[in-house]
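See below for the structure under consideration.
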Amino acid sequence: MELVWDEVAYLYVVLRTLLVAGWLVAMAGFARLATMQPPGQRGTLAAATALLMLAALLSAHEGYYTFISNRHRPIHAWAWLWTGFDGLAPVFCMLLLRTLRQRDAALARLAALAVTDTLTGLPNRRGFQERAAPALLAARRRSGAAALLTFDLDRFKAINDGFGHAAGDVVLRGVATALASTLRAGDVSARFGGEEFVALLPDTSLAAAQEVAERLRTAIRASVPHPAGPDGVVTVSIGVAPVGEGEPEPALLAALAAADAALYRAKQAGRDRVEVAEPDGPAAMRPAA
């Protein structure tokens, strides 16, 4: 029911420059009111429709159409227009308010989807960027320490190639579950894409972050099967780096590059291991699968 009003409103926004726009809204409103009113009260429709037509025509000339898009004004405008018509004002205002709330809820869902990896439920790269900087600033106010992990799955391509992407999706969800069970509530994790994951550990020293990385590596190995792996389990290579001083965004980018370089060394050393970033180490290279 609410969506009908929403559609009528938007129809009016599109057509409001036409002389017939007000009458289109009025007729649509009349048709909808006819289905809402009990049979014994439909005698009020003539007066109600006349008022609706008048309001629509006024809106075409004086800009009252703002009630459609401005959340802060619609209820008062339409409550006044409908006053005295057998309680129609509360009915219409309630419908309009619920429509706006539905629209807000839909926008909130879209905003959440924009920062979420729908496969795993983890934040995506954009979501990580939005959450990591505030978490880092809060950590600096408390302890000043923070570390960053990057990891990806070893030989993940063999799963997709040999068993299909559906099997790969199952593995990725299993890794996300192990990641969530290993990290704390205040940590910020994300799937960056493909088989690449990242986690910011606020209030965590480099040594403590290395311990977290080892627990994560063990948890994934113990809980996620790999149909094409040498041992039948999924393994990960993890790079660990401290987050330095300075503005959050460049500090996080520098830590990410350092952790990626450590991840590359873990791959080169045989996979299924944790490597810590070297002070002033080389720039990160794309790790082998």
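Letter 251 of the sequence shown, counting from 1, is numbered 251 in our numbering, and no numbers are missing. Don't be surprised by glycine CBs; every beta carbon is placed ideally from N, CA and C. Remember, predicted model here, so these are calculated numbers, not experimental data.
Among the options, the one whose alpha carbon lies nearest that of residue i
| i | options | result |
| --- | --- | --- |
| Asp272 | Ala106, Pro230 and Leu136 | Pro230 |
| Val138 | Ser223, Val212, Leu201 and Ala269 | A quick correction: the sequence has Ala, not Val, at residue 138. Among Ser223, Val212, Leu201 and Ala269, the Cα nearest to that of Ala138 is on Leu201. |
| Ser181 | Glu196, Gly127 and Val212 | Val212 |
| Ala257 | Lys267, Asp203 and Pro242 | Pro242 |
| Arg140 | Ala259, Asp260, Thr116 and Ala251 | Ala251 |
| Glu275 | Leu148, Val188 and Asp169 | Leu148 |
| Gly127 | Ala199, Gly168 and Leu206 | Ala199 |
| Gly144 | Ala135, Thr150 and Leu122 | Ala135 |
| Leu253 | Asp161, Arg221 and Ala133 | Ala133 |
| Leu172 | Glu249, Leu183, Leu110 and Thr120 | Thr120 |
| Ala259 | Thr235, Thr150, Gly194 and Glu130 | Thr150 |
Buried or exposed (CB count within 10 angstroms, at least 16 for buried), residue i
| i | result |
| --- | --- |
| Ala277 | buried |
| Leu216 | buried |
| Ala269 | exposed |
| Glu245 | exposed |
| Ala190 | buried |
| Arg265 | buried |
| Thr118 | exposed |
| Leu88 | Only weak support is given to the placement of Leu88: the predicted model assigns it a pLDDT of 41, under 50, and the value that follows is read from those uncertain coordinates. Looking at its Cβ environment, which holds 16 or more other Cβ atoms inside 10 Å, Leu88 is buried. |
| Leu113 | exposed |
| Leu263 | buried |
| Thr204 | buried |
| Pro279 | exposed |
| His165 | exposed |
Residue interval of the beta strand (DSSP E) (run including residue i)
| i | result |
| --- | --- |
| Glu249 | Where Glu249 is concerned, there is no enclosing beta strand (DSSP E), although the alpha helix (DSSP H) it sits in stretches over Pro248 to Gln268. |
| Gly239 | Val236 to Pro242 |
| Glu278 | Glu278 -> no beta strand (DSSP E), and no H or E assigned at all. |
Beta-bridge pairing of residue i - partner residues as DSSP gives them
| i | result |
| --- | --- |
| Thr116 | Pro123 |
Legend entry - Every unbroken beta strand (DSSP E) within the region 123-172, with a cutoff of 3 residues, ordered by chain: The region 123-172 contains these whole beta strand (DSSP E) runs: 146-153.
Inset, instruction - Taking only runs that begin and end inside the region 162-226, name each unbroken alpha helix (DSSP H) of 4 or more residues, in chain order. - result: 165-182 and 206-223
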